[in-house]
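Structure record follows, encoded as structure tokens.
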Amino acid sequence: MSRMTRRGFAVTALGAASSLLTTGAAAPAAGAPRREMRGMWLATVANLDWPSSARLTPAAQQRELRALLDTAVARKLNTVFFQVRATADALWPSPYEPWAQYLTGQQGRDPGWDPLDFAVREAHRRDLELHAWCNPYRIANHTDPGRLVANHPARRHPKWVLSYGGKLYYNPGLPDVRAFVQDAMLDAVRRYPVDGVHFDDYFYPYPVAGRHLDDDAAFQEYGSTFESRDAWRRDNINRLVYEMAGKLRDESERAGRPVRFGVSPFAVWRNHATDQQGSRTQAGVQTYDDLYADTRRWVREGWLDYIVPQVYWPLGTKAADYAELVPWWARTVDGTGVDLYIGEALYKAGETEPVAWKDPAEISRHLTFARGYPQVGGHVYFSAKVVAKDPSGAMARVVRDHYGSATSRA
Numbered sequence: 006m007s008r009m010t011r012r013g014f015a016v017t018a019l020g021a022a023s024s025l026l027t028t029g030a031a032a033p034a035a036g037a038p039r040r041e042m043r044g045m046w047l048a049t050v051a052n053l054d055w056p057s058s059a060r061l062t063p064a065a066q067q068r069e070l071r072a073l074l075d076t077a078v079a080r081k082l083n084t085v086f087f088q089v090r091a092t093a094d095a096l097w098p099s100p101y102e103p104w105a106q107y108l109t110g111q112q113g114r115d116p117g118w119d120p121l122d123f124a125v126r127e128a129h130r131r132d133l134e135l136h137a138w139c140n141p142y143r144i145a146n147h148t149d150p151g152r153l154v155a156n157h158p159a160r161r162h163p164k165w166v167l168s169y170g171g172k173l174y175y176n177p178g179l180p181d182v183r184a185f186v187q188d189a190m191l192d193a194v195r196r197y198p199v200d201g202v203h204f205d206d207y208f209y210p211y212p213v214a215g216r217h218l219d220d221d222a223a224f225q226e227y228g229s230t231f232e233s234r235d236a237w238r239r240d241n242i243n244r245l246v247y248e249m250a251g252k253l254r255d256e257s258e259r260a261g262r263p264v265r266f267g268v269s270p271f272a273v274w275r276n277h278a279t280d281q282q283g284s285r286t287q288a289g290v291q292t293y294d295d296l297y298a299d300t301r302r303w304v305r306e307g308w309l310d311y312i313v314p315q316v317y318w319p320l321g322t323k324a325a326d327y328a329e330l331v332p333w334w335a336r337t338v339d340g341t342g343v344d345l346y347i348g349e350a351l352y353k354a355g356e357t358e359p360v361a362w363k364d365p366a367e368i369s370r371h372l373t374f375a376r377g378y379p380q381v382g383g384h385v386y387f388s389a390k391v392v393a394k395d396p397s398g399a400m401a402r403v404v405r406d407h408y409g410s411a412t413s414r415a
């Protein structure tokens, strides 16, 4: 592995079982503090946030997108995580993957405009950062490759594809897949002045009871030096993250501008009962064991610029307490130079279970609690449609209680 200079940390090769790096992360650079993160995720998968319908004209889709960006400004936010690669397709004219079906209703159909170009320009006009949000491996929310456009890479390379839990995924265990998905995502960085690249929490798929993820052939070919299949799978995801960080560093240097790299994982790395370094939680999913995502390592070794754990539980939740997870993540990032932002489940505000969500002040209390930890640099809300509609009034309460003035920390 080459020497990484993006954050000033050294790189050395490990043994054959990992072939990655062991290093201490550099301290944050001196200078003015980064402005407080006030972000929202803008989801395009299944038309969740935008566009509201694939039947809308380009002009109508543009109006909707402008309105969501205006909402971010009105709510005193400063960053939008725009989902540009949701299901192995693209919201820009990518040479690697087809146009996203959520724009026109038909995968591969040219919408007649460039949504990513439009979004970046409109965001920057409003002094909003725009991070290109990508899902690395998900191909489709169904299991029929025949429903994909004829020239889709998954149809041209059927051995790249895994079917699991009612969905199609690229196989993370294949080096060709890893290189392809990195190149597909880097194309957006080369074409547009995005402020960052953002991965969500989907690496290996969330486990489905009674289902076997059939990566046997890939494990036989590439996993023989590993002590277990789990260790091999974790190495595959470590390589994805480590290599992506290096390629983004190179692109930043080439372009002469920073392009930050971040991940928003499920918030529980490991429960304390599993690993003494884990959080005192009782979560049914642990990213290290179930998604093969060693999120703690990525932070401790400085492979990320920022991390946004999805702490989607109220204060006092027995199985996964907000008041346990925020301090755990604060300790994890401390001294690494990796920025910590907390992902907030705004969409749950107003729900009846657990009862804490019924109170529209719950998320405001989250921000009050997190301000006791200087490592927390801000919050990101899911999702844009809920930020705009705010049916429970929880977002308005956050703005009133916490965002009354400037967007930089005192």
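Whatever position you read off the sequence shown (first residue = 1), add 5 for the numbering used here.
Ideal Cβ positions, reconstructed from N, Cα and C, are used throughout, including at glycine.
None of these values were measured; they are calculated from a predicted model.
| Item | Value |
| --- | --- |
| Whole-number beta carbon distance between Thr-341 and Val-304, since they are thought to touch under 8 Å | 6 Å |
| Sub-8 Å separation of Thr-76 and Ala-393 beta-carbons | yes |
| 8 Å Cβ cutoff met for Val-194 and Val-125 | no |
| Residue burial classification, Asn-146 (beta-carbon count within 10 angstroms, cutoff 16) | exposed |
| Option in Pro-98, Thr-109, Glu-134 and His-136 with minimal Cα separation from Asp-119 | Pro-98 |
| Where Tyr-211 falls, given that 16 or more other Cβ within 10 Å makes a residue buried | exposed |
| Proximity of Glu-102 and Ala-222 at Cβ, strictly below 8 Å | no |
| Through-space distance from Ala-105 to Phe-87, alpha-carbon basis | 14 Å |
| Nearest candidate by alpha-carbon position, reference Val-89, set Lys-81, Tyr-197, Val-273 and Tyr-174 | Tyr-197 |
| Unbroken stretches of the beta strand (DSSP E), 3 residues or longer, contained in the segment 237 to 294 | 265 to 268 |
| Proximity to Val-385 [Cα-Cα], best of Val-154, Arg-60 and Val-85 | Val-85 |
| Bounding residues of the beta strand (DSSP E) (the contiguous stretch that carries Arg-143) | 143 to 145 |
| Buried or exposed (CB count within 10 angstroms, at least 16 for buried), Gln-282 | exposed |
| For His-432, the first and last residue of its enclosing alpha helix (DSSP H) | The requested residue 432 does not occur in the structure, where the chain is confined to residues 6 to 415. |
| Assigned secondary structure, Tyr-408 (DSSP; H/G/I helix, E/B strand, else coil) | coil |
| Contacts around Ala-37, its chain only, beta-carbon distance under 8 Å, and the 5 residues preceding and following it disregarded | With a pLDDT of 45 at Ala-37, under the threshold of 50, the modelled position of this residue cannot be trusted; read the value that follows with caution. None. |
| Coil, strand or helix - Lys-172 by DSSP | strand |
| Buried or exposed (CB count within 10 angstroms, at least 16 for buried), Ser-229 | exposed |
| Which listed residue (Arg-301, Asp-94 and Arg-43) has its alpha carbon closest to that of Asp-280 | Arg-301 |
| Chain-order list of residues whose beta-carbon lies under 6 Å from that of Arg-285 (same chain, five-residue window excluded) | His-277 and Glu-329 |
| Buried versus exposed call for Val-360 [16 or more other C-beta atoms within 10 Å across all chains shown] | exposed |
| Neighbour-count burial assignment, Gly-178, 16 or more Cβ in a 10 Å radius | buried |
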